[in-house]
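Protein chains in written order, with the working numbering: chain A, 1 to 412; chain B, 413 to 637.
In this text, a Cβ means the ideal position worked out from N, Cα and C, and glycines have one as well.
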Amino acid sequence: MKFLSKINRQYLIVISLLLFFVSILGYFTLKIILQKEMKEDIYEKEYAIIQEIKTENRLPNLYPIFETKRVVSIKKEPKSYQDIYLKDEAEDELEPYVEYTNTVEVDGEYYVIKIRHSLLENDDLIMAIALPLLLLLVLALIASFFMTKKLNKTLWKDFEENLRYLESFSFNDKKKLNLKDTGVLEFDKLNTTLEVLTDKLQSDYEVLKQFTENASHEIQTPLAIVLLNLEELLQIELPEQSFKQLHTAINGVKRLSSLNKSLILLSKIENKQFTNNQRVQMNDLVARRVQEFEPLLEQKKLKFSFVKSTNSFWIDINEELAEILINNLLSNAIKHNVQNGEISIEISEDSIQICNTGAPNSLDNDTIFNRFTKENSQSYGLGLAIAQQICGRNHLEIIYLKSDIHCFKITK
Amino acid sequence: MKILIVEDEKDMLFAMSNFLTKEQYICELADSFAAASEKIGIYQYDVILLDITLPDGNGLHLLQHIKKYNLQAGVIIISAKNSLDDKISGLDLGADDYMTKPFQLSELNSRIKAVLRRRKYEGSSMISFNEINIDTDGKELRVNKNKVKLTLKEYDILMYFMVNKNRVLTKEAIAEHLWDDNIDLADNFDFIYTHLNNIRRKIKAAGGQDYIRTIYGMGYKFTDE
Numbered sequence: 001m002k003f004l005s006k007i008n009r010q011y012l013i014v015i016s017l018l019l020f021f022v023s024i025l026g027y028f029t030l031k032i033i034l035q036k037e038m039k040e041d042i043y044e045k046e047y048a049i050i051q052e053i054k055t056e057n058r059l060p061n062l063y064p065i066f067e068t069k070r071v072v073s074i075k076k077e078p079k080s081y082q083d084i085y086l087k088d089e090a091e092d093e094l095e096p097y098v099e100y101t102n103t104v105e106v107d108g109e110y111y112v113i114k115i116r117h118s119l120l121e122n123d124d125l126i127m128a129i130a131l132p133l134l135l136l137l138v139l140a141l142i143a144s145f146f147m148t149k150k151l152n153k154t155l156w157k158d159f160e161e162n163l164r165y166l167e168s169f170s171f172n173d174k175k176k177l178n179l180k181d182t183g184v185l186e187f188d189k190l191n192t193t194l195e196v197l198t199d200k201l202q203s204d205y206e207v208l209k210q211f212t213e214n215a216s217h218e219i220q221t222p223l224a225i226v227l228l229n230l231e232e233l234l235q236i237e238l239p240e241q242s243f244k245q246l247h248t249a250i251n252g253v254k255r256l257s258s259l260n261k262s263l264i265l266l267s268k269i270e271n272k273q274f275t276n277n278q279r280v281q282m283n284d285l286v287a288r289r290v291q292e293f294e295p296l297l298e299q300k301k302l303k304f305s306f307v308k309s310t311n312s313f314w315i316d317i318n319e320e321l322a323e324i325l326i327n328n329l330l331s332n333a334i335k336h337n338v339q340n341g342e343i344s345i346e347i348s349e350d351s352i353q354i355c356n357t358g359a360p361n362s363l364d365n366d367t368i369f370n371r372f373t374k375e376n377s378q379s380y381g382l383g384l385a386i387a388q389q390i391c392g393r394n395h396l397e398i399i400y401l402k403s404d405i406h407c408f409k410i411t412k
Numbered sequence: 413m414k415i416l417i418v419e420d421e422k423d424m425l426f427a428m429s430n431f432l433t434k435e436q437y438i439c440e441l442a443d444s445f446a447a448a449s450e451k452i453g454i455y456q457y458d459v460i461l462l463d464i465t466l467p468d469g470n471g472l473h474l475l476q477h478i479k480k481y482n483l484q485a486g487v488i489i490i491s492a493k494n495s496l497d498d499k500i501s502g503l504d505l506g507a508d509d510y511m512t513k514p515f516q517l518s519e520l521n522s523r524i525k526a527v528l529r530r531r532k533y534e535g536s537s538m539i540s541f542n543e544i545n546i547d548t549d550g551k552e553l554r555v556n557k558n559k560v561k562l563t564l565k566e567y568d569i570l571m572y573f574m575v576n577k578n579r580v581l582t583k584e585a586i587a588e589h590l591w592d593d594n595i596d597l598a599d600n601f602d603f604i605y606t607h608l609n610n611i612r613r614k615i616k617a618a619g620g621q622d623y624i625r626t627i628y629g630m631g632y633k634f635t636d637e
């Protein structure tokens with residue numbers, strides 16, 4: 001729920017409750033005042049009737065408003081009020097009245113005076129109070145609706161603009177967070193806090209990135225020292241067992257180093273450190289790469305087919321990355337191939353597809369590009385992750401299609 | 413041949429200088445930017461191995477010194493960063509080659525020799541081993557005066573052997589020498605074997621001896637011992 005709607009809802013609930021209590025209070029107050037008025041009115045009428053009897057010696061009667069009767073009884077009845085209902089001939093319904101009965105003595109004679117006062121019906125009274133209040137409530141509702149709408153347009157506009165800006169903010173852009181001034185104290189306070197926070201996060205992020213990069217680079221030097229010394233040991237005449245152990249150790253160090261290089265490459269791609277894109281003609285690039293891989297193709301006796309369309313496939317990319325991309329896909333196609341298998345490459349105007357025969361695997365399009373996902377221990381599981389990163393950063397789509405053969409398709 | 417090794421990592425420095433001394437080079441060592449720039453200003457070198465990440469300065473700036481005082485020296489940049497940008501700016505500043513850590517000594521040796529050849533040291537462009545002679549200018553192999561035709565890869569392998577004679581070279585080292593860093597060669601290097609057999613066959617056919625010794629099926633050594 002929107003902030004303003006939430007506030008409005010609370011307001012309306014409170015106002016409704018208040019109005020409810022006010023109307024109850026109003027109802028009883030009004031009732032008391034009306035009763036007081038009524039009594040005064042009755043006394044005035046009684047006084048007037050007594051005067052009439054005294055001066056005019058007439059018994060005034062006006063049904064149903066007042067009645068006067070002479071009585072012989074000297075039993076003086078006390079004053080009494082009584083609620084009664086009388087039939088109203090005009091409206092043909094029972095109307096409530098208060099009947100005042102009193103016995104008075106005028107010049108030694110006794111008279112009973114009945115004065116009736118029409119009562120407002122309770123419903124009428126309630127209506128008289130509730131209606132305006134209800135109207136007030138409706139008006140408040142309508143007013144709050146339009147006010148919310150207007151405030152959303154004005155007051156919240158800058159806030160929402162800032163929100164959209166924040167959503168698209170990335171530390172990789174190395175830009176400072178620059179939020180719009182809203183003129184609202186709370187929002188501006190939030191902006192300042194966010195700006196301070198992101199500044200700190202950004203510098204932390206930079207430090208961490210720098211650290212990872214430096215650490216990765218620094219690892220290469222001790223690896224180089226290990227490798228140089230192991231290589232020198234290899235020059236000594238060694239028994240086969242020791243030679244083999246040394247050889248295994250050397251290959252282990254090399255693996256470590258190449259794994260490290262792959263991680264550095266991944267982080268470099270992620271950090272967009274490959275700039276100077278140029279238009280690269282993929283047809284020739286793929287052909288050149290394939291040539292490099294020829295000994296590996298021959299070794300596995302792979303049947304190779306290469307179909308090129310007449311129109312070349314061009315992409316805007318850093319050429320080094322384009323080479324790495326094709327290298328990774330080619331070595332993947334060779335590595336996971338079977339002896340006497342097949343590799344086919346198809347390049348069209350807007351796509352490259354590299355397919356290879358190979359053992360079935362349990363991977364699919366969602367998992368195959370994950371880092372360190374591997375089906376055998378020969379690889380690190382980084383080649384395809386790198387390929388996907390390269391594609392992602394260069395507005396290319398790469399998908400894995402699995403049928404009886406394995407295919408990777410890159411499209412613009 | 414006089415070589416200056418600029419490298420701040422002591423273990424690295426000693427490993428390289430031990431090897432190069434054995435290979436009959438005269439080595440001088442500098443473990444900082446300051447020491448290196450002093451040496452470059454005073455002495456003349458044939459080859460300078462330059463680590464560009466030094467604690468007290470960027471090795472790339474040393475290149476400008478070298479171009480000023482040590483023009484005839486060949487420069488091989490040794491970097492922990494496999495960065496094309498560094499490579500390009502290094503080569504633009506006049507370096508002859510760029511190597512990424514970690515590397516193998518046989519590879520370093522081969523690169524140094526290549527730089528020296530390019531700079532026309534060692535008198536001629538001829539490399540010889542008994543009856544085997546290579547003219548590096550024309551990429552031509554002669555065995556007992558008989559011309560032998562090699563493929564490019566076979567020539568590269570033979571050159572690598574000739575430069576690193578009497579050294580054990582693993583098949584991985586040979587494969588890495590032939591293919592650039594960016595290719596993931598997997599664990600299978602048996603295709604090297606095919607190339608070696610071709611070289612052996614061609615040299616024998618021209619009347620040469622087979623100097624390639626296989627070591628436990630894991631490495632090779634080019635030797636007449």
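{"Check": "Nearest-angstrom Cα distance between residue 385 of chain A and residue 370 of chain A?", "Outcome": "6 angstroms"}
{"Check": "What does the alpha-carbon distance come out to for the pair residue 489 of chain B and residue 527 of chain B?", "Outcome": "12 angstroms"}
{"Check": "Nearest CA to the CA of residue 192 of chain A: which residue from A:176, A:398 and A:306?", "Outcome": "A:176"}
{"Check": "When the cut-off is 8 angstroms and only beta carbons count, does residue 467 of chain B lie next to chain A?", "Outcome": "no"}
{"Check": "For residue 80 of chain A, count neighbouring C-beta atoms within 10 Å of its own C-beta (all shown protein chains included) and say buried if the count is 16 or more, exposed if not.", "Outcome": "exposed"}
{"Check": "Could you pull the start and end residues of the beta strand (DSSP E) that residue 538 of chain B belongs to?", "Outcome": "538-541"}
{"Check": "Buried or exposed: where does residue 393 of chain B fall if 16 or more other Cβ atoms within 10 Å of its Cβ makes it buried?", "Outcome": "This structure cannot speak to residue 393 of chain B, because chain B is shown only from 413 to 637."}
{"Check": "Just to make sure I have the definition right: I need the residues of chain A whose C-beta is within less than 8 angstroms of the C-beta of residue 627 of chain B. Which are they?", "Outcome": "243"}
{"Check": "Put residue 167 of chain A into one of helix, strand or coil per three-state DSSP.", "Outcome": "helix"}
{"Check": "Go ahead and pull the three-state DSSP assignment for residue 155 of chain A.", "Outcome": "helix"}
{"Check": "Of all the options A:143, A:167 and A:316, which has the alpha carbon lying nearest to the alpha carbon of residue 275 of chain A?", "Outcome": "A:316"}
{"Check": "Would you verify that the beta carbon of residue 281 of chain A is, or is not, closer than 8 angstroms to some beta carbon of chain B?", "Outcome": "no"}
{"Check": "How many angstroms separate the CA atom of residue 437 of chain B from the CA atom of residue 557 of chain B?", "Outcome": "30 angstroms"}
{"Check": "Got a sec: is the Cβ-Cβ distance from residue 261 of chain A to anything in chain B below 8 angstroms?", "Outcome": "yes"}
{"Check": "Going by Cα to Cα distance, which pick from A:83, A:43 and A:131 is closest to residue 118 of chain A?", "Outcome": "A:83"}
{"Check": "Beta strand (DSSP E) containing residue 390 of chain A: first to last residue?", "Outcome": "Run containing residue 390 of chain A: none in the beta strand (DSSP E); it sits in the alpha helix (DSSP H), 383-393."}
{"Check": "Quick check: what's the CA-CA separation for residue 391 of chain A versus residue 461 of chain B?", "Outcome": "37 angstroms"}
{"Check": "Between which residues of its own chain and residue 531 of chain B is the CB-CB distance below 6 angstroms, once the five residues before and five after are set aside?", "Outcome": "486"}
{"Check": "Using the beta-carbon of each residue, which ones in chain B are nearer than 7 angstroms to residue 254 of chain A?", "Outcome": "584"}
{"Check": "So residue 634 of chain B is in the beta strand (DSSP E); what residue range does that whole segment cover?", "Outcome": "631-634"}
{"Check": "Among the residues of its own chain, which have a CB less than 7 angstroms from the CB of residue 50 of chain A, if the five just before and after it don't count?", "Outcome": "104 and 106"}
{"Check": "So residue 424 of chain B contacts chain A; which residues on that side make the cut at Cβ distance below 8 angstroms?", "Outcome": "221, 224, 225 and 228"}
{"Check": "Do you know offhand how far residue 442 of chain B's Cα is from residue 448 of chain B's?", "Outcome": "5 angstroms"}
{"Check": "Report the three-state DSSP secondary structure of residue 559 of chain B (helix, strand or coil).", "Outcome": "strand"}
{"Check": "Does the distance from the C-beta atom of residue 560 of chain B to that of residue 480 of chain B stay below 8 angstroms?", "Outcome": "no"}
{"Check": "Can you say whether residue 243 of chain A is buried or exposed, counting buried as having 16 or more other CB atoms within 10 angstroms of its CB?", "Outcome": "buried"}
{"Check": "With DSSP run on the structure shown, which of helix, strand or coil describes residue 295 of chain A?", "Outcome": "helix"}
{"Check": "Tell me the rounded alpha-carbon separation between residue 92 of chain A and residue 21 of chain A.", "Outcome": "35 angstroms"}
{"Check": "Considering just the uninterrupted stretch of the beta strand (DSSP E) at residue 459 of chain B, what are its terminal residues?", "Outcome": "459-463"}
{"Check": "Contact between the region 233-251 of chain A and the region 571-586 of chain B: three or more CB pairs below 8 angstroms?", "Outcome": "yes"}
{"Check": "Taking only beta-carbon atoms, is residue 652 of chain B less than 8 angstroms away from chain A?", "Outcome": "Residue 652 of chain B lies beyond the range of chain B shown here (413 to 637); nothing can be said about it."}
{"Check": "Can you round the beta-carbon distance between residue 476 of chain B and residue 503 of chain B to whole angstroms, since I take them to be within the 8 angstroms contact cut?", "Outcome": "Residue 476 of chain B to residue 503 of chain B, Cβ: 14 angstroms. No contact."}
{"Check": "Can you tell me which of B:494, B:631 and B:455 puts its alpha carbon nearest to the alpha carbon of residue 483 of chain B?", "Outcome": "B:455"}
{"Check": "Please confirm if the region 330-340 of chain A is in contact with the region 297-307 of chain A, defined as three or more CB-CB distances below 8 angstroms between the two stretches.", "Outcome": "yes"}
{"Check": "Tell me the rounded alpha-carbon separation between residue 429 of chain B and residue 417 of chain B.", "Outcome": "8 angstroms"}
{"Check": "If you check the beta carbons only, do residue 66 of chain A and residue 114 of chain A fall under 8 angstroms apart?", "Outcome": "yes"}
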